[in-house]
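This report concerns only the one structure given below.
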Amino acid sequence: MEFIQLNWITQSVGLTQLKQINLTVILEVAS
95 MEFIQLNWIT QSVGLTQLKQ INLTVILEVA S
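Residue numbers (our numbering): 95 to 125.
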């Protein structure tokens with residue numbers, strides 16, 4: 095159970111970082 099929870103947290107953090115990177119790229123391309 096703890097492993098699944100840890101895996102879910104890792105995926106959530108990874109997705110958040112990915113979104114931030116995508117936003118940064120979009121802003122750089124737009125400017």
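Beta carbons: idealized from backbone N, C-alpha and C, even for Gly.
Alpha carbon of Thr129 to alpha carbon of Thr110, nearest angstrom: The structure shown does not extend to residue 129, since the chain is modelled only from 95 through 125, so no value can be given for it.
What's the gap between the Cα of Leu112 and the Cα of Ser106? 10 Å
Close Cβ partners of Val119 (< 7 Å) along its chain, the five nearest in sequence each way excluded: none
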